[in-house]
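Below is one structure, written out as structure tokens; the observations come after it.
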Amino acid sequence: MTQQSYPATRLRRTRVSAWSRALHRETVLTPADLIWPLFVCDGEGEQPVASLPGVSRWGVAQIVERAREARDLGIPCVALFPNTPPDRRSAHGEEAANRDNLMCRAIRAIKDALGDEIGVLTDVALDPYTDHGQDGLLDDHGYVANDATVDALVAQALNQADAGADIVAPSDMMDGRIGAIRAGLEGAGHHNVQIMSYAAKYASAFYGPFRDAVGSSGLLKGDKKSYQMDPANGSEALREVAIDIAEGADSVMVKPGLAYLDIVARVGEAFDVPVFAYSVSGEYAMIEAAAAAGAGNRDALVLETLMAFKRAGCSGVLTYHAAHAARLLHG
Ligand code: PBG
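Using UniProt numbering, the letters of the sequence shown correspond one by one to residues 1 to 331.
This is the structure:
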């Protein structure tokens, strides 16, 4: 008699039916996992960003409409980035501390209209305000001076918090800025303004379209490698995160996202801190280009990549696809 041979374990068994796949699904993606980055421009209306098909800069009144749209879709938070008019950019980026700058007007307009119905996250870095496109202040040799920049970032973050920002997100990668900003916020009575630190931010080729959107790409000379991390480094990201937590960060971010999911997973394993990832402009552009070229189904690519962030351990994802993804998730 021959014994029938069969696999002791058939992992395919639970995959046969949709109900069973739903029952065994390990990771859930919902609109509440998404943060929607929005670009603000001076004046009224909409300016499409050529290198980001489907993404526009919006005037302050229109930004409020986008925030309302996010609220209605169940997206808990929007992230704001200004396209500062050229005549307001300068070597020291003083416009960042102007209480009536584009950013502050957008924050106030959203908060006046929606209050606590949506969170407003603001980027802390000088690149949308400098006439050289670097994130900080340059010394005589063109090096981004750390400590002088930190002072300017504290002023910028306080300005945003005064205008009503709920989360300030330093994206500059200066050393010591989280502690300085936390102290500044506490001193000003902003005890409940959160800090989401861009803790592990890499000097990446994926930021190109963003620099078009905020208008810094034509200005930027050189690169940001003396402050943003080397893409070759992983362990160093854990040091960055440890320091930012010790200095008072409420949550940390890994950026870019897709090419750095190993960093997300390592940070998640090493620390009990909420981890976010920024699926940056070049990632969005890559998916849009692939879909336009017929190399993949756009909606499926969007949802699969966002699910990957959750599976890697993210609490949430900043993505230009946020509104589209939320609509897909609502069915
Ligand atoms: C500014 C900043 C950048 C991004 C977010 N904040 C650009 C940069 O560091 O040059 C990139 C986001 C994106 O590409 O979507 N410091």
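Glycine residues also receive a C-beta, built at the ideal position from the N, C-alpha and C atoms.
- Less than 6 Å between the CB of residue 6 and some heavy atom of ligand 1, yes or no? The sequence position of residue 6 within the sequence shown is 6, counting from 1. Residue 6: no, Cβ never under 6 Å from ligand 1.
- Message: Can you look up residue 111 in the DSSP assignment and give me helix, strand or coil?
- Response: On the sequence shown, residue 111 is found 111 positions in, with the first residue counted as 1. Correct three-state label for residue 111: helix.
- Expressed to the nearest angstrom, what Euclidean distance is found between the alpha-carbon atoms of residue 207 and residue 13? Stepping through the sequence shown from its first residue, residue 207 is reached at position 207. Stepping through the sequence shown from its first residue, residue 13 is reached at position 13. Rounded to the nearest whole angstrom, the C-alpha separation of residue 207 and residue 13 is 43 Å.
- Task: Within its chain, find whatever has a CB closer than 8 Å to the CB of residue 306; leave out the 5 residues flanking it on each side and keep chain order.
- Result: On the sequence shown, position 306 is the one that residue 306 refers to. Cβ within range, chain order: 29, 33, 34, 279, 317, 319, 321 and 325.
- Is any heavy atom in ligand 1 found nearer than 6 Å to the beta carbon of residue 323? By 1-based counting over the sequence shown, the position of residue 323 is 323. No.
- Task: Starting from residue 83, follow the alpha helix (DSSP H) in both directions and report where the run begins and ends.
- Result: Counting from one through the sequence shown, the residue named residue 83 turns up at place 83. That residue, residue 83, is in no alpha helix (DSSP H); its beta strand (DSSP E) goes 77-83.
- Message: Here's the rule: buried if 16 or more other CB atoms are within 10 angstroms of the residue's CB, otherwise exposed. What is residue 6?
- Response: Position 6 of the sequence shown, counting from 1, holds the residue named residue 6. Label assigned to residue 6: exposed.
- Message: Classify residue 235: buried if its beta carbon has 16 or more other beta carbons within 10 angstroms, exposed otherwise.
- Response: As a position in the sequence shown, residue 235 is number 235, starting the count at 1. With fewer than 16 other Cβ atoms from the protein chains shown falling within 10 Å of its own Cβ, residue 235 counts as exposed.
- Message: At the level of alpha carbons, what is the spacing between residue 119 and residue 161?
- Response: For this step, residue 119 is matched to residue 119 along the sequence shown. For this step, residue 161 is matched to residue 161 along the sequence shown. CA-to-CA, the gap between residue 119 and residue 161 works out to about 12 Å.
- Who pairs with residue 167 in a beta bridge, going by DSSP? Translated into the one-based positions of the sequence shown, residue 167 becomes position 167. Per DSSP, 121 and 194.
- Would you check whether ligand 1 has a heavy atom nearer than 6 Å to the C-beta of residue 207? In the sequence shown, counting from the first residue as 1, residue 207 sits at position 207. Distances between the C-beta of residue 207 and the heavy atoms of ligand 1 include at least one below 6 Å.
- Message: Could you check if residue 280 belongs to the surroundings of ligand 1, using beta carbon to heavy atom distance under 6 Å?
- Response: As a working note, residue 280 is residue 280 in the sequence shown. At least one heavy atom of ligand 1 falls within 6 Å of the beta-carbon of residue 280.
- Item | Contiguous beta strand (DSSP E) assignments of at least 3 residues, all confined to the region 17-83 | Within the region 17-83, the complete beta strand (DSSP E) runs of at least 3 residues are 34-41, 46-48, 56-58 and 77-83.
- Task: Using a threshold of 7 Å, state whether the C-beta atoms of residue 213 and residue 156 are closer than that.
- Result: Against the sequence shown, residue 213 aligns to sequence position 213. Against the sequence shown, residue 156 aligns to sequence position 156. Remark: C-beta atoms of residue 213 and residue 156 do not approach each other more closely than 7 Å.
- Query: Going by the beta-carbon positions, is the gap between residue 144 and residue 199 smaller than 7 Å?
  - Reply: Counting from 1 along the sequence shown, the entry for residue 144 is found at position 144. Counting from 1 along the sequence shown, the entry for residue 199 is found at position 199. Result no, Cβ atoms of residue 144 and residue 199 do not sit closer than 7 Å.
- Query: When burial is assigned at 16 or more other CB atoms within 10 Å of the CB, is residue 221 buried or exposed?
  - Reply: Position 221 of the sequence shown, counted from the start, is the residue given in the question as residue 221. Counting Cβ neighbours within 10 Å, residue 221 comes out exposed, since fewer than 16 surround it.
- Task: Using the Cα positions of residue 313 and residue 297, report the straight-line distance between them to the nearest angstrom.
- Result: As a position in the sequence shown, residue 313 is number 313, starting the count at 1. As a position in the sequence shown, residue 297 is number 297, starting the count at 1. Between the C-alpha atoms of residue 313 and residue 297 there is a straight-line separation of about 25 Å.
- residue 254, enclosing alpha helix (DSSP H) - first and last residue: As a first step, residue 254 must be located in the sequence shown, where it is residue number 254. That residue, residue 254, is in no alpha helix (DSSP H); its beta strand (DSSP E) goes 251-255.
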